[in-house]
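**Q** In my numbering, the protein residues as written are 26 to 411. Heads up, the beta-carbon is just placed ideally off N, CA and C, and yes, glycines get one too. First, the structure itself, so that you have it in front of you.
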Ligand code: SF4
């Protein structure tokens, strides 16, 4: 959702451009005043993605937004001034072929549900949503999706799960007023991720307290990518680091993440803080780096490509990625350089053969569990089978 005054067309268009570039499929603009509805005419004409007009309290703004060409109208039937006003908007939307998103917010449930809300907030949210759906059906309007928004993650999950069993309309998911970039992203990932993993949800919006709307889109993509629901751009894998770390991982990972934004392909890139485990669990990555003292290894799909001084690892990683694209998505291998990389890996692995790294402990415990052994092979680390 844009955070600008919609009537400020240049600022709004600038933000729409940025969310579109970040991968938004649709964008919502607040329309609280006449001048915002008026500005929609230009915005709709210039926007590279469909515009949803966000309307509260004033149904005439919804009518004007439809006239201005908005691709969708979002309104909460409960706060628009009664069923007659909802009917006027529905009729106008239908005449123009404009779909709607109707919503229920935990903070603005109809009065007759306030008592139920106190005893069962989920039931109250779902009852309100179903009542609004029935109202739209009575108005012979069916072209809409439904959202239940709550600041509570458990209520959002429970109410959408319940609602999905009661109606056939698409559902829009979001955690309202989720918070800052850090906490809001986590809340959204837990709430929306749980529902999406259940197969519930058709559109999503991440609400973060930031003026930079594109940050919300980036978080949405990370959730979709993590669940493998959509692919967009590279996937970065990074080890959690430990005392064996051989370079400034924080800086390196951030730099790689930033530079990967220039690529559209869903390649997987791994960053391992050390080469003690060889390429280990990240061997499937399309490209990766594994740090070592002074020198590190660049690898691709489990095979070393080059041995490189630590301070050049990031630049050389991108050199190799660019060579791959220049060769038509073919990994380019220089046999001599690959052999030097393999020798360094072998050397490090031999030197650290006895080290119990987190990955080796996990692998040993996994092996032990497969053998149905009662005790971990690692002294002091016991485990129990379920
Ligand atoms: S041992 Fe594993 S977690 Fe520790 S720095 Fe090396 S790759 Fe990262």
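1) As a quick exercise: from 80, 90, 300, pick the residue whose alpha carbon is nearest that of residue 106.
2) Nearest to residue 157 by alpha carbon, out of 143, 165, 128, 139?
3) Hey, could you find the ends of the beta strand (DSSP E) residue 109 is sitting in?
4) Could you compute how far the alpha carbon of residue 347 sits from the alpha carbon of residue 340?
5) For the ligand SF4, I want to know if residue 379 counts as a neighbour, meaning its beta carbon is within less than 7 Å of at least one of the ligand's heavy atoms.
6) Closer than 7 Å to a non-hydrogen atom of the ligand SF4 - does that hold for the CB of residue 297?
7) Looking at the ligand SF4, does it come within less than 7 Å of residue 266, judged from the CB to the closest heavy atom?
8) Can you grab the Cα-Cα spacing for the pair residue 356 / residue 293, in whole Å?
9) With a cut-off of 8 Å on the beta carbons, I'd call residue 65 and residue 103 a contact; round off their distance for me.
10) DSSP puts residue 130 in a beta bridge; with which residues?
11) For the ligand ZN, is there a heavy atom less than 7 Å away from the beta-carbon of residue 329?
12) Should residue 276 be counted as a contact of the ligand SF4 given a C-beta to heavy atom distance under 7 Å?
13) How would you write the range of the beta strand (DSSP E) that residue 198 sits in, first residue to last?
14) Ordered along the chain, which non-local residues of its own chain (more than five positions away) have a Cβ less than 7 Å from that of residue 86?
15) Only counting the same chain, and skipping five residues up and downstream in sequence, which positions put a Cβ closer than 6 Å to that of residue 411?
16) Determine the burial state of residue 205: buried for a count of at least 16 other Cβ atoms within 10 Å of its Cβ, exposed for fewer.
17) Looking at the structure shown, is residue 27 part of a helix, part of a strand, or coil, going by DSSP?
18) Are there 16 or more other CB atoms within 10 angstroms of the CB of residue 27, so buried, or fewer, so exposed?
19) To which residues does DSSP link residue 334 through a beta bridge?
20) According to DSSP, simplified to helix, strand and coil, what is residue 218?
21) Apart from the five residues on each side of it in sequence, which residues of its chain come closer than 6 Å, Cβ to Cβ, to residue 349?
22) For residue 364, count neighbouring Cβ atoms within 10 angstroms of its own Cβ and tell me buried if that reaches 16, exposed if not.
23) With three or more beta-carbon pairs closer than 8 Å as the criterion, would you say the stretch 209–216 touches the stretch 148–162?
24) Rounded to the nearest angstrom, how far is the Cβ of residue 252 from that of residue 218, given a contact under 8 Å?
25) Looking only at DSSP bridge pairs, what is residue 228 linked to?
26) Could you compute how far the alpha carbon of residue 179 sits from the alpha carbon of residue 132?
27) Please determine, among 31, 167, 302, 49, the residue with the shortest C-alpha to C-alpha distance to residue 388.
28) Residue 370 to residue 359, Cα distance in whole Å?
29) Between the alpha carbons of residue 271 and residue 288, how many angstroms are there, rounded?
30) Please say whether residue 233 and residue 203 have beta carbons closer to each other than 8 Å?
31) Can you list, in chain order, the residues of its chain whose CB lies under 7 Å from that of residue 149, leaving out five sequence neighbours each side?
32) Kindly provide the ranges of any alpha helix (DSSP H) runs that are 4 or more residues long and lie completely inside the stretch 228–282, ordered along the chain.
33) Please classify residue 35 as buried or exposed, where buried requires at least 16 other C-beta atoms within 10 Å of its C-beta.
34) According to DSSP, is residue 411 part of a helix, a strand, or is it coil?
35) Note down the Cα distance separating residue 136 from residue 144, rounded to an integer number of angstroms.
**A** Taking the definition as stated:
1) Along the chain shown, read from residue 1 onward, the residue named residue 106 stands at position 81. Answer by Cα proximity: 80.
2) One-based indexing of the chain shown puts residue 157 at position 132. Per the Cα distances, 128.
3) Taking the first residue of the chain shown as 1, we reach residue 109 at position 84. Here residue 109 belongs to no beta strand (DSSP E); instead the alpha helix (DSSP H) covers 108–121.
4) Here residue 347 refers to the residue found at position 322 when the chain shown is read from its first residue. Here residue 340 refers to the residue found at position 315 when the chain shown is read from its first residue. Rounded to the nearest angstrom, the two C-alpha atoms are 11 Å apart.
5) Along the chain shown, read from residue 1 onward, the residue named residue 379 stands at position 354. The answer is no for residue 379.
6) For the purposes of this step, residue 297 is taken as the residue at position 272 of the chain shown. Yes, since a heavy atom of the ligand SF4 falls inside the 7 Å radius drawn around the Cβ of residue 297.
7) Within the chain shown, numbered from 1, the residue matching residue 266 stands at position 241. Yes, the ligand SF4 has a heavy atom inside 7 Å of this Cβ.
8) Walking along the chain shown from the start, residue 356 turns up at place 331. Walking along the chain shown from the start, residue 293 turns up at place 268. Those two C-alpha atoms are separated by around 13 Å.
9) The count along the chain shown starts at 1 and reaches residue 65 at position 40. The count along the chain shown starts at 1 and reaches residue 103 at position 78. No, residue 65 and residue 103 are not in contact; Cβ-Cβ is about 24 Å, not under 8 Å.
10) Your numbering for residue 130 matches position 105 in the chain shown. Answer is 174, bridged to residue 130.
11) The ligand ZN is not among the ligands present in this structure, which contains only the ligand SF4.
12) As a working mapping, residue 276 is identified with position 251 in the chain shown. No, Cβ of residue 276 sits at least 7 Å from all heavy atoms of the ligand SF4.
13) Numbered from 1 along the chain shown, position 173 holds the residue referred to as residue 198. Residues 196–198.
14) Taking the first residue of the chain shown as position 1, residue 86 is located at position 61. Counting only Cβ-Cβ distances below 7 Å, and skipping sequence neighbours, we find 56, 62, 80.
15) The count along the chain shown starts at 1 and reaches residue 411 at position 386. In this prediction, residue 411 has a pLDDT of 48, which is less than 50 and means its spatial position is unreliable; what the coordinates show is noted afterwards. Here the set comprises nothing.
16) Counted from its first residue, the chain shown places residue 205 at position 180. It is exposed - the Cβ of residue 205 has fewer than 16 other Cβ atoms within 10 Å.
17) Reading the chain shown from its first residue, position 2 is the one you call residue 27. Coil at residue 27, not helix or strand.
18) Here residue 27 corresponds to residue number 2 of the chain shown, with the count starting at 1. Buried, because 16 or more other Cβ atoms sit within 10 Å of the Cβ of residue 27.
19) Start at 1 with the first residue of the chain shown, and residue 334 comes out as number 309. Bridge partners of residue 334: 320.
20) On the chain shown, residue 218 is found 193 positions in, with the first residue counted as 1. Helix at residue 218.
21) Residue numbering aside, residue 349 sits at position 324 when the chain shown is read from its first letter. 356, listed in sequence order.
22) The residue you call residue 364 lines up with position 339 of the chain shown. Exposed is the call here.
23) no
24) If you number the chain shown from 1, residue 252 lands on position 227. If you number the chain shown from 1, residue 218 lands on position 193. About 6 Å separates the two Cβ atoms, so the contact holds.
25) Here residue 228 refers to the residue found at position 203 when the chain shown is read from its first residue. Residue 228 is bridged to 197.
26) Numbered from its first residue, the chain shown carries residue 179 at position 154. Numbered from its first residue, the chain shown carries residue 132 at position 107. C-alpha separation (whole angstroms): 16 Å.
27) In the chain shown, the residue the question calls residue 388 occupies position 363. Ranking the options by Cα distance to residue 388, first place goes to 302.
28) Stepping through the chain shown from its first residue, residue 370 is reached at position 345. Stepping through the chain shown from its first residue, residue 359 is reached at position 334. Residue 370 and residue 359: Cα-Cα distance of roughly 17 Å.
29) Translated into positions along the chain shown, residue 271 becomes position 246. Translated into positions along the chain shown, residue 288 becomes position 263. Looking at the two C-alpha atoms, the distance is approximately 27 Å.
30) Residue 203 sits at position 178 when you count from the first residue of the chain shown. Residue 233 sits at position 208 when you count from the first residue of the chain shown. Cβ distance < 8 Å, so residue 203 and residue 233 count as in contact.
31) Translated into positions along the chain shown, residue 149 becomes position 124. So the list reads 134, 138, 141, 142, once near-sequence residues are dropped.
32) 238–251
33) On the chain shown, position 10 is the one that residue 35 refers to. It is exposed - the Cβ of residue 35 has fewer than 16 other Cβ atoms within 10 Å.
34) For this step, residue 411 is matched to residue 386 along the chain shown. Since pLDDT at residue 411 reaches only 48, below the 50 mark, its modelled position is unreliable, and the value read off the structure follows with that caveat. In the structure shown, residue 411 sits in coil (DSSP, three-state: anything other than H, G, I, E or B).
35) In the chain shown, residue 136 corresponds to position 111, counting from 1. In the chain shown, residue 144 corresponds to position 119, counting from 1. The straight-line gap from Cα to Cα measures roughly 14 Å.
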